[in-house]
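For the sequence shown, the numbering used here begins at 22 and goes up steadily by one.
Even for Gly, the Cβ is constructed at its ideal location relative to N, Cα and C.
Fair warning: this is a prediction, and the values are worked out from it, not measured in the lab.
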Amino acid sequence: MAAKLRKGDNVVVLAGKDKGKTGSITSIDPKSGKAIVDGINIAIRHTKQSQATQGGRTPKAMPIQLSNLAIVDSNGKATRVGFRMDGDNKVRFAKTTGDAI
């Protein structure tokens, strides 16, 4: 099945501690059904100091479930994604506006 959400898409979070925040997808793991969105689901990781890097607390974006994300349409609202054929090409489109993504 074709992916409804892809790397580089602008998404809004539907559930969880970051509900309502928007960001763009940096990577997706289709096997686990999770994505990493920049600025969303941030956790603090403690790192030990080494010769190359300074130790301390570093923020890291953790994976979030794909079902908790929705793509943002041209109006800036969350929308579902559909598929249709434009000639010989299969394209994604926003269900709210009907525009191709």
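Cα-Cα separation, residue i to residue j
| i | j | result |
| --- | --- | --- |
| G97 | N110 | 26 Å |
| D94 | P80 | 29 Å |
| R113 | S71 | 46 Å |
| G103 | P51 | 18 Å |
Burial state of residue i (16 or more Cβ within 10 Å)
| i | result |
| --- | --- |
| G108 | exposed |
| G119 | exposed |
CB-CB length for residue i against residue j, believed under 8 Å
| i | j | result |
| --- | --- | --- |
| A82 | I46 | A82 to I46, Cβ: 11 Å. No contact. |
Beta strand (DSSP E) segment containing residue i, residue limits
| i | result |
| --- | --- |
| M106 | 102-107 |
| K79 | Looking at the sequence itself, residue 79 is Thr, so the reference to Lys does not match. Note, T79: beta strand (DSSP E), 77-82. |
| R113 | 110-115 |
Exercise for review: Would you mind listing the beta strand (DSSP E) stretches within the stretch 41-70 that are 3+ residues and don't spill past its ends, in chain order?
Suggested key: Annotation note: the stretch 41-70 contains the following uninterrupted beta strand (DSSP E) runs of length 3 or greater, listed N- to C-terminal: 43-50, 55-58, 63-68.
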